[in-house]
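Asker:
Numbering (UniProt numbering), first residue to last: 1 to 95.
1. Could you have a look at residue 23 and say whether DSSP puts it in helix, strand or coil?
2. Just confirm the distance between the C-beta atoms of residue 87 and residue 75, as a whole number of angstroms; I'd bet it's less than 8 Å.
3. For the segment 5-84, list the beta strand (DSSP E) runs that are entirely contained and at least 3 residues long, ordered along the chain.
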């Protein structure tokens, strides 16, 4: 009959074996990918999602409407706030 410590030792040994197998398979996959890229003359930039990301953040949109009671503002994009529901938007335009 095995003890808890025996099972823990077996688990650790199996995890080590699994990690070694994973490292070997990853190395093989990388080699295969490199070979295919060399064969077809591809670079990392030819792969989808590998292009340069736009570093420019989007500019904030200025508020178009303001609630005089609370001072809350809304840009006019997305879902309208509750304080504006059922009312004429023209009354709340920021001038």
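In this text, a Cβ means the ideal position worked out from N, Cα and C, and glycines have one as well.
Answerer: Once the coordinates are examined:
1. What you label residue 23 is simply residue 23 of the chain shown in a count that begins at 1. It is helical.
2. Locating residue 87 in the chain shown gives position 87, where the first residue counts as 1. Locating residue 75 in the chain shown gives position 75, where the first residue counts as 1. Between residue 75 and residue 87 the Cβ distance is about 17 Å, and since that is not below 8 Å, they are no contact.
3. The segment 5-84 contains no whole beta strand (DSSP E) run of 3 or more residues.
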